[in-house]
Amino acid sequence: MMAAKGNAFSVIMNAQKRKLADGAAKTTSQPAKKGHWSMGLLSSMEDPALKVESDDKVVIIKDKYPKARYHWLVLPKENIPSLKAVSSEQLDLLKHMHKKGQELIDKTEDAKHLSFRLGYHAIPSMSHLHLHVISQDFDSPCLKHKKHWNSFTTDYFIDSEKVMEELEKEGKIADKGSRNDRLKYPLRCHVCKKEQVNMPKLKAHILSHIAKPGDKE
DNA sequence: GTTCTAGAAC
DNA sequence: GTTCTAGAAC
């Protein structure tokens with residue numbers, strides 16, 4: 260019988276493990292270095308297990324922790340840290356990313372009965388510009404917390420069209436840092452807008468909105 | 001971004 | 001007693 264969950268030894272060891280996890284990155288609060296978790300998309304882009312397709316400008320990967328039945332990321336090969344670094348110069352690139360995402364949806368026969376959204380997070384955790392392409396079932400074991408939910412169902416999630424429109428009109432993307440509070444909004448069904456008391460209830464509820472085989476369109 | 005878990009909520 | 005969430009991780 261090895262150490263179970265709560266004894267003094269495992270408590271100390273787990274605390275130590277956690278320290279080491281982030282400790283590799285910083286000694287003060289400075290820009291994230293290579294190897295820090297926020298740089299993880301760089302290695303994910305080269306992970307054959309995640310890679311879906313690529314061309315001369317972009318790579319498409321499966322999200323490592325998908326929040327729905329289909330959840331891809333479209334990333335430019337060019338190193339663009341975030342929307343803050345995007346100018347008119349990249350408008351064609353953003354259009355191309357959107358087109359590649361939409362094409363992938365269109366050729367995924369199994370997803371024909373699902374709706375999709377393409378968009379960006381207002382304040383992404385991970386560096387390297389990435390366009391989310393995500394089906395709207397949100398049926399996934401990786402969708403666990405309020406933060407997950409609200410990041411895809413409030414205006415913390417900004418449709419790709421809106422971003423491209425703003426870029427075309429303003430020549431840049433205004434800072435969306437003020438949208439951080441969206442992550443703390445109450446849990447609300449994205450289809451019928453009914454508020455749910457907690458995540459397990461929400462997850463059970465949204466299943467009722469997914470079309471089942473045999474349902475009419 | 002995830003993991004882990006203390007303490008609140010039930 | 002079990003479920004669930006929120007905050008630390010330097």
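In terms of the working numbering, the first sequence opens at residue 260 and continues consecutively. C-beta atoms are modelled at their ideal positions from N, C-alpha and C, and glycine is treated no differently.
Exercise. Which first and last residues belong to the beta strand (DSSP E) in which Val-208 is found?
Worked result: Residue 208 lies beyond the stretch modelled for the chain, which goes from 260 to 476, so this question has no answer here.
Problem set entry | Phe-416 and Gly-473 closer than 9 Å at C-beta | Counting from 1 along the first sequence, the entry for residue 416 is found at position 157. Counting from 1 along the first sequence, the entry for residue 473 is found at position 214. Cβ atoms of Phe-416 and Gly-473: not closer than 9 Å.
Exercise. Span of the alpha helix (DSSP H) holding Trp-296?
Worked result: Locating residue 296 in the first sequence gives position 37, where the first residue counts as 1. From DSSP, Trp-296 is part of no alpha helix (DSSP H); its letter is neither H nor E.
Problem set entry | When Cys-401, His-389, Ser-437, Pro-400 are compared against Val-345, the one with the closest alpha-carbon | The residue labelled residue 345 in the question sits at position 86 within the first sequence. With distances taken between Cα atoms, Val-345 lies closest to His-389.
Exercise. Over what stretch of residues does the alpha helix (DSSP H) that includes Leu-215 continue unbroken?
Worked result: Since the first residue shown for the chain is 260 and the last is 476, residue 215 is missing from the structure and cannot be characterised.
Exercise. Which value, in whole angstroms, describes the spacing of the CA atoms of Asp-396 and Ile-465?
Worked result: What you label residue 396 is simply residue 137 of the first sequence in a count that begins at 1. What you label residue 465 is simply residue 206 of the first sequence in a count that begins at 1. Near 7 Å, if we compare the C-alpha coordinates of Ile-465 and Asp-396.
Exercise. What's the call for Gln-349, buried or exposed, on a 16-neighbour Cβ count within 10 Å?
Worked result: Reading the first sequence from its first residue, position 90 is the one you call residue 349. It counts as buried.
Problem set entry | Span of the alpha helix (DSSP H), counted from its first residue to its last, around Lys-460 | Here residue 460 refers to the residue found at position 201 when the first sequence is read from its first residue. 458–466 is the extent of the alpha helix (DSSP H) around Lys-460.
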